[in-house]
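Asks:
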Amino acid sequence: MGENYLITDGFVEAVSSFETLSDSLKQIPFDPYRWKWAILAMHSGLQGMMILALQGSHGLHVLKKEDAKRWLDAHENGGPYPTDLQLDGFLSLYKKIKGELMIMYVDSKKFTPKGTEGDSIKFLNRLRNEYVHFTPRVWAFELVGLPDIFMDCQNIAEFLAWQSGNVFWRESSLKKRIKNAFSLSRSSLLKLREKYENG
23 MGENYLITDG FVEAVSSFET LSDSLKQIPF DPYRWKWAIL AMHSGLQGMM ILALQGSHGL
83 HVLKKEDAKR WLDAHENGGP YPTDLQLDGF LSLYKKIKGE LMIMYVDSKK FTPKGTEGDS
143 IKFLNRLRNE YVHFTPRVWA FELVGLPDIF MDCQNIAEFL AWQSGNVFWR ESSLKKRIKN
203 AFSLSRSSLL KLREKYENG
């Protein structure tokens, strides 16, 4: 298509989000406001990984239930196909990765949260929504504990990427990039946790 087009897909979106996360986390010691961009990037990256793990060959599992039904009805009746399909919500996708919709292939595994991972993904979603739908006010939140919340969320993303059996990395360069982003992010988060805990 040429250089005047931006070409993307679910893999590129997830990888780019985790690279943005890793870049933002590196800057936080010098600019704490970068937490905003880290929150948005983590949310986007984790949502992207949930989509990749749930999409299968038809993509219907990532849609709102009523939209998937409308598409199936159209398919069974020979069309017309709906053009206004909507992605399911973040926490609904999280519920789906813990359920039977994840079992698509011989090696498929659903996600089972450990420790505080379930609470952490919900907290991340609340923070992201506060930023995206920001209302006029002064807002402050404590940073202690945020690195642990992010590590929980990254654990979920890494499970989906490497252990769910549902994500097939066709491009080795993207696989290498996300591995690097995961590693850099975890390293930054461990340093930030130590900094916040030691005052």
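Everything in the sequence shown is counted per our numbering, starting at 23 for the first residue and increasing by one.
Positions of the beta carbon are idealized from the N, C-alpha and C atoms, including for glycine.
Throw me the rounded Cβ distance for the I234 and L115 pair, which I believe falls under 8 Å.
Replies: In this structure the chain extends from 23 to 221, so residue 234 is not present and cannot be described.
Asks: What is the DSSP secondary structure of L212, counted as helix, strand or coil?
Replies: Correct three-state label for L212: helix.
Asks: Let me make sure I understand the geometry here. Which of K198, V37 and S44 has the alpha-carbon closest to that of S210?
Replies: Of the listed residues, the one whose Cα sits closest to S210 is S44.
Asks: Below 8 Å between beta carbons: does that hold for A36 and S46?
Replies: No, Cβ-Cβ distance for A36 and S46 is not below 8 Å.
Asks: Please classify L146: does DSSP put it in a helix, a strand, or coil?
Replies: Helix, per DSSP.
Asks: Just to confirm my understanding: we take L94, look at its own chain, exclude 5 residues before and 5 after, and list those with CB closer than 8 Å. What are they?
Replies: Excluding positions up to five away in sequence, the list reads L82.
Asks: Could you say which of H155, T157 and I119 lies nearest to G140 if we only look at CA atoms?
Replies: Among H155, T157 and I119, the Cα nearest to that of G140 is on I119.
Asks: Less than 8 Å between the C-beta atoms of F112 and Q69, yes or no?
Replies: Result yes, Cβ atoms of F112 and Q69 sit closer than 8 Å.
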